[in-house]
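Number of protein chains: 2
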Amino acid sequence: MILLLGASGYIGEAFAVELQRRKKVFLPLARAQLDYSRFDVLLDYLNAKQPAFVVNAAGYTGKPNVDACELDRAGTLAGNTLLPQTIAHACAAANIPWGHVSSGCIFSGAKISTNGDVRVEKDMTKPEFHALAEAKSPAILGFNEADPPNFSFRDQPCSFYSGTKALGEEAMTGLGQSYIWRLRIPFDEFDSKRNYLSKVQRYSKVYENVNSISHRADFVRACLDLWERRAPFGIYNVTNPGFVTTRHVVELIEKFLKPPRKFEFWRNDEEFYQVAAKTPRSNCVMDVSKLLAAGVKIRGVEEALEDSLKNWKPE
Amino acid sequence: MILLLGASGYIGEAFAVELQRRKKVFLPLARAQLDYSRFDVLLDYLNAKQPAFVVNAAGYTGKPNVDACELDRAGTLAGNTLLPQTIAHACAAANIPWGHVSSGCIFSGAKISTNGDVRVEKDMTKPEFHALAEAKSPAILGFNEADPPNFSFRDQPCSFYSGTKALGEEAMTGLGQSYIWRLRIPFDEFDSKRNYLSKVQRYSKVYENVNSISHRADFVRACLDLWERRAPFGIYNVTNPGFVTTRHVVELIEKFLKPPRKFEFWRNDEEFYQVAAKTPRSNCVMDVSKLLAAGVKIRGVEEALEDSLKNWKPE
Numbered sequence: 001m002i003l004l005l006g007a008s009g010y011i012g013e014a015f016a017v018e019l020q021r022r023k024k025v026f027l028p029l030a031r032a033q034l035d036y037s038r039f040d041v042l043l044d045y046l047n048a049k050q051p052a053f054v055v056n057a058a059g060y061t062g063k064p065n066v067d068a069c070e071l072d073r074a075g076t077l078a079g080n081t082l083l084p085q086t087i088a089h090a091c092a093a094a095n096i097p098w099g100h101v102s103s104g105c106i107f108s109g110a111k112i113s114t115n116g117d118v119r120v121e122k123d124m125t126k127p128e129f130h131a132l133a134e135a136k137s138p139a140i141l142g143f144n145e146a147d148p149p150n151f152s153f154r155d156q157p158c159s160f161y162s163g164t165k166a167l168g169e170e171a172m173t174g175l176g177q178s179y180i181w182r183l184r185i186p187f188d189e190f191d192s193k194r195n196y197l198s199k200v201q202r203y204s205k206v207y208e209n210v211n212s213i214s215h216r217a218d219f220v221r222a223c224l225d226l227w228e229r230r231a232p233f234g235i236y237n238v239t240n241p242g243f244v245t246t247r248h249v250v251e252l253i254e255k256f257l258k259p260p261r262k263f264e265f266w267r268n269d270e271e272f273y274q275v276a277a278k279t280p281r282s283n284c285v286m287d288v289s290k291l292l293a294a295g296v297k298i299r300g301v302e303e304a305l306e307d308s309l310k311n312w313k314p315e
Numbered sequence: 001m002i003l004l005l006g007a008s009g010y011i012g013e014a015f016a017v018e019l020q021r022r023k024k025v026f027l028p029l030a031r032a033q034l035d036y037s038r039f040d041v042l043l044d045y046l047n048a049k050q051p052a053f054v055v056n057a058a059g060y061t062g063k064p065n066v067d068a069c070e071l072d073r074a075g076t077l078a079g080n081t082l083l084p085q086t087i088a089h090a091c092a093a094a095n096i097p098w099g100h101v102s103s104g105c106i107f108s109g110a111k112i113s114t115n116g117d118v119r120v121e122k123d124m125t126k127p128e129f130h131a132l133a134e135a136k137s138p139a140i141l142g143f144n145e146a147d148p149p150n151f152s153f154r155d156q157p158c159s160f161y162s163g164t165k166a167l168g169e170e171a172m173t174g175l176g177q178s179y180i181w182r183l184r185i186p187f188d189e190f191d192s193k194r195n196y197l198s199k200v201q202r203y204s205k206v207y208e209n210v211n212s213i214s215h216r217a218d219f220v221r222a223c224l225d226l227w228e229r230r231a232p233f234g235i236y237n238v239t240n241p242g243f244v245t246t247r248h249v250v251e252l253i254e255k256f257l258k259p260p261r262k263f264e265f266w267r268n269d270e271e272f273y274q275v276a277a278k279t280p281r282s283n284c285v286m287d288v289s290k291l292l293a294a295g296v297k298i299r300g301v302e303e304a305l306e307d308s309l310k311n312w313k314p315e
């Protein structure tokens, strides 16, 4: 039996759908049913139910966006740092393997390869790097699992949200048997407040940047595949291979959905942060070689995006 | 056997002295000897050594002061929030009672009683409240253990340090058998960078405010007495009964130590925060009725202060 924590959330519900599709016996849990943030409660439950695997899809994301996490610091820390530590301790004590939905947002920018030299560029909005991204240049490399987070409390500035996610990874590392699955900007064909494709359509103006992103169903499939294949425990970046510029996403939306509105872009970072955002945003490119090397199949970002827009289901 | 975590710190070393004085068998541990911040390491150690009681005197205080915690957020959270949660989990799993050195700095101000009405006043530098404090007015009441922290991530503004200490208390509450001992501004007769009486002498200018404070040896004695008397587990404010104004502390220093310098005070909060401090400071009055009602004896703040200055040992 698989225990699914945070089953009612945006990612948790995708895990439930996929586990059902795979005809797996699973037990979906929401905090309202059992307060699994309490070590003693969770440990007793694990010992009683003896799940073969635990999925933690619970976490604290600000509503309507990450700026809200700056205000609710206690809630953000409790959901993204203290909770994974608690689950890690309980699963270690009960000797149960588990996986945690983390986030690629603990990185900023990309790695740029020039003449064999590789260096980190945190700001991909600079014209020269943006041009590389638009050209899908192979000089742009993603962060891999050996790279230390560069958008965290240990490498500031960062958003409070990102800081707590990075610290959540630290709090569970080296303890028991666990996967850290890094999601980035979830999207799919189902119109929703949490769907990146919906957000882009609803922003008053669009923030132009470069990102790796994760199709929601592709993400949960890859996570479960890692466990089913008994891939080595540890960190895995789980995005659709590749990266996209926001401008390209807008072009695809225009092509497939033909929305009546015209999209405008923030002139630059300065305008974006002055008008639309309070805390710095993570925009980054991820390397998924480790995931692919583990034998997990996942569509490229272009295919996943076009497929989502072709099958778009308005809310 | 008593296990003492953080034995090499300012408060840990006082616990060691007092345990020796009481001829108790104890095992002092520093992080350099055993990484007790790791759940599995600590749990194995507890199961192997089976201590009767664990004292956690480890924590992260900024050096030279609390402003440093604003920069090292990961270290501050790891030391003051994740560590107590880890110890709480390990002690619960091993069924071992323990005590944690927390801080009264999760409060700001005092409670003011007027005509039977009691309300919280966060800023005791206001002239009318300061006059009450100088007159040692019984209208000034301390915060008790039932009062929610009002200088924490849940009640901002707060310093990052205070936020992590308050969240550390939350992370261990309601779990296993534990004491939360709230220390406030430690002092004693031994000149030291951590000693409040040394700090006041070394500040370029003094920040005038109202505080309850804890004599270091009195504090550890009271903590150990709670355990030896088997007082009910839970939160205890552990300061010397009463409160002092910084101006009064300066007068006592002048009277007993006759320093060659003249003390100056920051004109007001504005000047203090502009010139000397980055993050807001906690200044507060604590109520120790619960400690006293548990049968623990502790000197009044005036006696503890005068005694420290009479027996002053320069570094």
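In order, the protein sequences belong to chains A and B. Mapping to this note's numbering: the first sequence position 268 is 268, numbers consecutive. Mapping to this note's numbering: the second sequence position 232 is 232, numbers consecutive. Built from N, CA and C at the ideal position, the CB exists for glycine as well.
Quick check on residue i: does DSSP put it in helix, strand or coil?
{"i": "B:Leu183", "result": "strand"}
{"i": "A:Val25", "result": "coil"}
{"i": "A:Met286", "result": "strand"}
{"i": "B:Ile218", "result": "The question names Ile, yet the displayed sequence has Asp at residue 218 of chain B. Three-state DSSP puts B:Asp218 in a helix."}
{"i": "A:Ala68", "result": "helix"}
{"i": "A:Phe247", "result": "In the sequence under discussion, the amino acid at residue 247 of chain A is Arg, which differs from the Phe named in the question. Residue state, collapsed to three classes: helix."}
{"i": "B:Trp98", "result": "strand"}
{"i": "A:Val200", "result": "helix"}
{"i": "A:Tyr273", "result": "helix"}
{"i": "A:Ala14", "result": "helix"}
{"i": "B:Gly242", "result": "coil"}
{"i": "B:Val41", "result": "helix"}
{"i": "A:Lys350", "result": "This structure does not reach residue 350 of chain A, given that chain A is present from 1 up to 315, and the question cannot be answered."}
{"i": "B:Asn56", "result": "strand"}
{"i": "B:Glu121", "result": "strand"}
{"i": "B:Phe129", "result": "helix"}
{"i": "B:Phe160", "result": "helix"}
{"i": "B:Ile106", "result": "helix"}
{"i": "A:Leu291", "result": "helix"}
Looking only at its own chain, which residues have a Cβ that is under 7 Å from the Cβ of residue i, when we skip the five neighbours before and after it?
{"i": "B:Val101", "result": "Ile11, Asn56, Ala57, Gly59, Trp181 and Leu183"}
{"i": "B:Leu29", "result": "Leu3, Leu4, Leu5, Ala7 and Tyr36"}
{"i": "B:Lys310", "result": "Phe256"}
{"i": "B:Leu83", "result": "Ser37 and Ala58"}
{"i": "A:Phe272", "result": "Tyr207 and Trp266"}
Count the other CB atoms, across all protein chains shown, that sit within 10 Å of the CB of residue i; report buried if there are 16 or more and exposed otherwise.
{"i": "A:Ala133", "result": "buried"}
{"i": "A:Asp188", "result": "buried"}
{"i": "B:Asp123", "result": "exposed"}
{"i": "A:Gly400", "result": "For residue 400 of chain A there is no data in the structure shown, the boundaries of chain A being 1 and 315."}
{"i": "B:Lys313", "result": "exposed"}
{"i": "B:Ser204", "result": "exposed"}
{"i": "A:Met286", "result": "buried"}
{"i": "A:Pro127", "result": "exposed"}
{"i": "A:Asp218", "result": "buried"}
On a Cα-Cα basis, can you pick out the residue from the options that is closest to residue i?
{"i": "B:Thr279", "options": "B:Leu83, B:Pro157 and B:Asn115", "result": "B:Pro157"}
{"i": "B:Lys136", "options": "B:Tyr45, B:Gly99 and B:Val301", "result": "B:Val301"}
{"i": "B:His215", "options": "B:Asn237, B:Asp67, B:Pro51 and B:Trp227", "result": "B:Asn237"}
{"i": "A:Phe15", "options": "A:Asn115, A:Gly99 and A:Gly176", "result": "A:Gly99"}
{"i": "A:Cys223", "options": "A:Val54, A:Gly9 and A:Leu42", "result": "A:Val54"}
{"i": "B:Asn211", "options": "B:Val25, B:Leu226, B:Cys284 and B:Ala146", "result": "B:Cys284"}
{"i": "B:Ala52", "options": "B:Leu71, B:Leu27, B:Asp72 and B:Asn65", "result": "B:Leu27"}
{"i": "B:Ala92", "options": "B:Asp44, B:Leu305 and B:Asp72", "result": "B:Asp44"}
{"i": "B:Ile298", "options": "B:Phe129, B:Thr239, B:Glu306 and B:Arg261", "result": "B:Thr239"}
{"i": "A:Val25", "options": "A:Pro186, A:Lys49, A:Glu303 and A:Leu34", "result": "A:Lys49"}
{"i": "B:Glu208", "options": "B:Gly176, B:Ile235, B:Ser198 and B:Trp266", "result": "B:Trp266"}
{"i": "A:Lys199", "options": "A:Leu46, A:Thr246 and A:Thr114", "result": "A:Thr246"}
Between residue i and the rest of its own chain, which residues show a CB-CB distance below 8 Å, the 5 nearest in sequence each way excluded?
{"i": "A:Gln85", "result": "Gly168, Ala171 and Met172"}
{"i": "A:Arg229", "result": "Ala294, Gly295 and Val296"}
{"i": "B:Arg119", "result": "Lys111 and Ile112"}
{"i": "A:Arg221", "result": "Glu18 and Ile298"}
{"i": "B:Arg202", "result": "none"}
Could you pull out every residue in the same chain whose Cβ sits closer than 6 Å to the Cβ of residue i, ignoring the five residues on either side in sequence?
{"i": "A:Glu315", "result": "Asp191"}
{"i": "A:Phe151", "result": "Ile106, Phe107, Ser108, Cys158, Ser162 and Ser282"}
{"i": "A:Asp67", "result": "Lys278 and Thr279"}
{"i": "B:Leu42", "result": "Tyr36 and Ala90"}
Rounded C-beta distance between residue i and residue j? I'm assuming under 8 Å.
{"i": "A:His89", "j": "B:Phe143", "result": "Between B:Phe143 and A:His89 the Cβ distance is about 31 Å, and since that is not below 8 Å, they are no contact."}
{"i": "B:Tyr179", "j": "B:Leu226", "result": "6 Å"}
{"i": "A:Ile213", "j": "A:Val244", "result": "6 Å"}
{"i": "B:Pro97", "j": "B:Gln33", "result": "In fact, because the Cβ distance is near 23 Å, the residues do not count as touching under 8 Å."}
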